[in-house]
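K.L.:
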Amino acid sequence: MLKKLKLKKYIPYIVIVVVSLLLCFNFFRLNLSEFNEARIHIARITSIKEVIMNKIFPSFISAKHMSGFGYALNIFYGPITTYVPIILSFIFGSSIMALKVFTLLTIILAGFMMYNFVLKISKNKLLSLVSALIYIAAPYKLTDIYSRNAVGEYTAFIFIPLVFNGIYELINGNYKKNYLIVIGAVGLILSHTITTIYVAIFALAYLAINYKKLNKKRYIYLFIDLLLIILLTAFYLVPLLEHKVYGDYTIFDSDSMGATGKRVLSTGLSLSDLFSSEFGSQEIVFSFGIIIIFGLILTPFVYKRAKENKEYGWFLLFALISLWGCTKCFPWFLLPNFLTIIQFAWRLEGFFIFFISYVCACNIVTASQMIKDKRNILSIVAIIAITLCGVGGTVRYASNDELKQDKEYEEYLLKASKFTPFQVNRDYLPLNSERNTEYIENRKDKVIVLEGSATINNEEKNGLNLRFEIENIDNAILELPYIYYHGYTVKINEKKIDNYESENGFVCINLNETGTVTVNYTGTLLEKIAYIISGATIVVAVVYSVKKLYQEKRIGEIIEKRTKKDK
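Going left to right, the sequence shown walks through residues 80 to 646 as the numbering used here numbers them.
#1: So what's Lys199 in DSSP terms, helix, strand or just coil?
#2: Ile370 and Cys439 - do their beta-carbons sit closer together than 8 Å?
#3: Classify Cys103 as helix, strand or coil using the three-state DSSP reduction.
#4: Between which two residues does the beta strand (DSSP E) holding Arg118 run?
#5: Cβ of Phe431 within 8 Å of Cβ of Phe281?
#6: If you check the beta carbons only, do Tyr194 and Ala211 fall under 8 Å apart?
#7: Would you mind reading off the limits of the beta strand (DSSP E) that contains Ala533?
#8: Buried or exposed: where does Tyr579 fall if 16 or more other Cβ atoms within 10 Å of its Cβ makes it buried?
#9: With Phe433 as the anchor, note down where its beta strand (DSSP E) starts and where it stops.
#10: Whose C-beta lies closer than 8 Å to the C-beta of Lys199 among residues of the same chain, with five residues either side of it excluded?
#11: List the endpoints of the continuous alpha helix (DSSP H) containing Arg246.
#12: Per DSSP, which one or two residues make a beta bridge with Val230?
#13: Taking only runs that begin and end inside the stretch 354-414, name each unbroken beta strand (DSSP E) of 3 or more residues, in chain order.
#14: What residue range is occupied by the uninterrupted alpha helix (DSSP H) comprising Val343?
#15: What is the rounded straight-line gap between the Cα of Ile124 and the Cα of Lys88?
#16: To the nearest angstrom, report how far apart Ile588 and Lys574 are at their CA atoms.
#17: If you pair each beta-carbon of the stretch 582-601 with each one of the stretch 336-353, do three or more pairs fall below 8 Å?
#18: Helix, strand or coil for Lys87 per DSSP?
#19: Smallest Cα separation from Val381: which of Met176, Thr445 and Ile95?
#20: May I ask you to list the residues that DSSP assigns as paired with Glu548?
#21: What are the boundary residues of the alpha helix (DSSP H) that Lys323 is part of?
#22: For Ile273 and Glu489, I'd like the C-alpha separation in whole angstroms.
#23: Under three-state DSSP, which class holds Pro137?
#24: Along the chain, where does the beta strand (DSSP E) that runs through Asn589 open and close?
#25: Just the C-alpha distance for Ile608 and Val474, rounded to the nearest angstrom, thanks.
#26: Considering only their Cβ atoms, is the gap separating Ala177 from Leu167 smaller than 8 Å?
#27: Answer yes if the stretch 496-511 comes into contact with the stretch 527-544, meaning at least three C-beta pairs across the two stretches below 8 Å, and no otherwise.
#28: When the distance is taken between beta carbons, is His144 closer than 8 Å to His322?
#29: What do you get for Arg227, buried or exposed, if any count of 16 or more other CB atoms within 10 angstroms of its CB means buried?
#30: If contacts are defined as beta-carbon pairs under 8 Å, then Leu365 and Trp425 qualify, I think. What distance do you get, rounded to the angstrom?
#31: For the stretch 256-289, list the alpha helix (DSSP H) runs that are entirely contained and at least 4 residues long, ordered along the chain.
#32: Going by DSSP in three states, Thr473 sits in which element: helix, strand or coil?
#33: Helix, strand or coil for Thr185? Go by DSSP, reduced to three states.
#34: Out of Ile90, Tyr491, Gly602 and Leu457, which one is the CA nearest neighbour of Lys204?
#35: For the stretch 476-502, which segments carrying the alpha helix (DSSP H) assignment without a break, of at least 4 residues, lie completely within its bounds, in sequence order?
#36: What residues are listed by DSSP as bridge partners for Glu582?
Below is the structure:
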């Protein structure tokens, strides 16, 4: 009897895994190398893996990219989406297969996290399962995976429910479960910056709505959460902020990235986009999908009963705000740059899906309970329909050429000695380089004397290491064969000298001394300190958690012994 009860507990998780496998079936038959965005992610995983194998630390820059002048593939994008696939690639022997397995895991985990969150609120397993399945099978979510290959965005789907689960516990439940906020926020920051910013806004709104439930102790726990989040993510945030504050990079330029209010407004959706077919041939599917439309139609009929579910009203409001933000009616032109960083108004559809999946699940389950003698029939039909619609929307992506292109592309990445600027995105270049990519393509791979005079001899370059002799020097300004990123260490006769960015976006030095010059990528002092801080915080957090679990176990054993004695 006990075994049956335990098995029943895991049925929703088994359903989520099965549906995730079905949703991802055609993804494993997809030639990812046909998609530009996927090619970027594959190149990043393959190249950073090579950097790690070459024992270069920090593993930020690929020496092969930008015609061999180095490119920071791993400073500006969430490291979870790089390091986890790299680990998987050692298991599966392929970066592309690793990315596919990683994608499957993100779908499964997003489903688990949503199920756990809704179960915490509703205490209703069927409602939680319906909500989780809508969340992972919504047309826009599948578009993120299949068409946009937005790895950071769909990875962030795991952590959105986790953050709100932690906040809900802080407000209504066991505030000592604040670790859920920490895990969720850390996961978001290390997955996708844009999603993190907007989750923070909705989370603050959710906290503000419930501020009366927060006492001094809960505020202290919230402060500790924020401190832990910063410390745990310092290894990623510090290099990112260092390049933001002390550099001028394309990724931070609103005009170059199309992240102005006017540009974002132009990407707003129309009603026809939202009510289009989820089975169409369009590149990006913005459709609500049949199930969400059905769930929304039920709202006026079940609202009085459905609103009895906790957070129903607030999540409906947040869903409507997210939807408004997706349209051309939202005043994006009034917002500051840190919000227009979203680039595309329709990205807010991801948040709409998060909030509306709970609302629609409440509506469907409530309507199902209103059917006499067949209380769960509508919910079961909805689960089947969600699965069929989700899988049906992925059929058009399947490939029949046995993934030949993927194999060839991965072989090419491993064998190539250099990649041109147009074989990867250019978002992480210094603005001076991005605006003059022709210079990168045509520049010779050697030290160039920009001003003054000098003779360069015995120049030897090996990846991110360079050595040369210099003589006959007269107030020389030298441009080194590396695109400028913080962390290059330049020495003349073993004495460290300053370097800076040239007008072409390359590493530049001033010299008036003969001798031997060495250049190495070592990372900055701040970056190294940040790694130590994050590493130390992880160790302390793990030790504290293990100690706490041991203490709780011992207390439980003592209570159990006393109970037995009393009997």
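Glycine residues also receive a C-beta, built at the ideal position from the N, C-alpha and C atoms.
P.N.:
Quick answer:
#1: helix
#2: yes
#3: helix
#4: From DSSP, Arg118 is part of no beta strand (DSSP E) but of the alpha helix (DSSP H) over Asn115 to Met132.
#5: Cβ distance not < 8 Å, so Phe431 and Phe281 don't count as in contact.
#6: yes
#7: Ile527 to Asn541
#8: Classified as exposed, Tyr579 has fewer than 16 neighbouring CB atoms from the shown chains inside 10 Å of its CB.
#9: Run containing Phe433: none in the beta strand (DSSP E); it sits in the alpha helix (DSSP H), Glu428 to Gln448.
#10: Asn244, Tyr247, Glu248 and Gly252
#11: Before going on, a small fix: residue 246 reads as Ile here, not Arg. Ile246 -> alpha helix (DSSP H) spans Phe238 to Asn251.
#12: Its beta-bridge partners do not exist; DSSP assigns none.
#13: none
#14: Gly340 to Ser345
#15: For Ile124 and Lys88, the distance between alpha carbons rounds to 37 Å.
#16: 13 Å
#17: no
#18: helix
#19: It is Thr445.
#20: Asn536 and Thr595
#21: DSSP places Lys323 in the uninterrupted alpha helix (DSSP H) bounded by Ala313 to Val324.
#22: 29 Å
#23: In the structure shown, Pro137 adopts coil according to DSSP, grouped into three states.
#24: Phe585 to Leu590
#25: A direct Cα-Cα distance of roughly 48 Å separates Ile608 from Val474.
#26: yes
#27: Put simply, the stretch 527-544 does not touch the stretch 496-511. Fewer than three CB pairs are less than 8 Å apart.
#28: no
#29: buried
#30: Going by the sequence as given, residue 365 is Phe instead of Leu. Correct: roughly 6 Å between the Cβ atoms.
#31: 258-268 and 272-288
#32: Note: Thr473 maps to coil in three-state DSSP.
#33: helix
#34: Ile90
#35: 483-494
#36: DSSP output for Glu582 lists no bridge partner at all.
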